Amino acid sequence: MFYASKRARVIRLDAIGHIWKKLGTTCINLKETHYIIQLIRAILDEIFPDTLLLTQTNVPHKENISYFGNGYNEVQLVYQFALPLLVLHTFYTGDASRLLEWASRIKNVSDKTAFFNVLATHDGLGVVPVKTILTGKEITGIADNIKERGGFVSYKTVEDGSKKPYEMNITYYSAIADSKNSEELNIKK
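Numbering-wise (this note's numbering), the sequence shown opens with residue 1217 and increments by one.
In structure tokens, the structure reads:
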């Protein structure tokens, strides 16, 4: 409420999916988390109705949009964290079908909600939001392109002991720039 009292227009709930802890669970996206967000929203709607809530959750797209609640009782804004890697996949392959298929399924939950579209943040390009949209081979292809352009890929060890890309760290400009071209030409493209 402090930031709202200082006239903050948008409050980002950073990693809010982890706020509630419960033994025997992954401690992410628990129903209690949604109750807390609903409480925050109810208070803001009453005292600071012009303040919007934006959730930052590194989860698959379907779970991410669950933070809209019913469209009126949780956050008003949700990051589209799947967008950056879907755009890069399109850029690298020349095939927009995955991006278009995903975009065609996006529906606004209510007239009080919206998606917050970004291509990059300080957190890197998370793989979790696209793991149900792109295949493992497609994700590996993006990771290979990122590494070829001087970026870094963080890996996560999965149950079978293998490593899968988890996050890609590179500026978006570097991810799409052609090293054979001058900076001026890359910017024009």
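Cβ atoms here follow ideal geometry from the backbone N, Cα and C, with glycine treated the same way. Predicted model only: the values in this text are computed from it and were never measured.
Residues in its own chain within less than 7 Å of residue i by CB, not counting five upstream and five downstream?
i: K1347; result: P1276
i: Y1308; result: G1357, I1358, N1361
i: S1326; result: G1287, Y1288
i: T1249; result: I1232, G1233, I1235, W1236
Identify, in the order they occur along the chain, each residue of the same chain with its Cβ nearer than 6 Å to the Cβ of residue i, setting aside the five sequence neighbours on each side.
i: E1400; result: none
Would you call residue i buried or exposed, if buried means 16 or more other Cβ atoms sit within 10 Å of its Cβ?
i: E1317; result: exposed
i: I1281; result: buried
i: T1373; result: exposed
i: N1245; result: buried
i: N1274; result: buried
i: G1240; result: exposed
i: A1298; result: buried
i: H1305; result: buried
i: T1242; result: exposed
Excluding sequence positions up to five away, which residues of its chain have a Cβ less than 8 Å from the Cβ of residue i?
i: K1379; result: Y1371, K1372, T1373
i: A1224; result: T1267
i: I1253; result: L1229, I1232, L1269, T1271, Y1283, G1285, E1290, V1291
i: V1226; result: T1267, L1268, L1269, L1270, L1293
Which value, in whole angstroms, describes the spacing of the CA atoms of residue i and residue j?
i: K1222; j: I1263; result: 12 Å
Given the structure, does residue i come close to the ligand GDP, in the sense that its CB is under 6 Å from one of the ligand's heavy atoms?
i: L1301; result: Annotation note on the ligand GDP: not contained in the displayed structure, which lists no ligands.
What are the start and end residues of the alpha helix (DSSP H) that includes residue i?
i: F1332; result: Where F1332 is concerned, there is no enclosing alpha helix (DSSP H), although the beta strand (DSSP E) it sits in stretches over 1330–1332.
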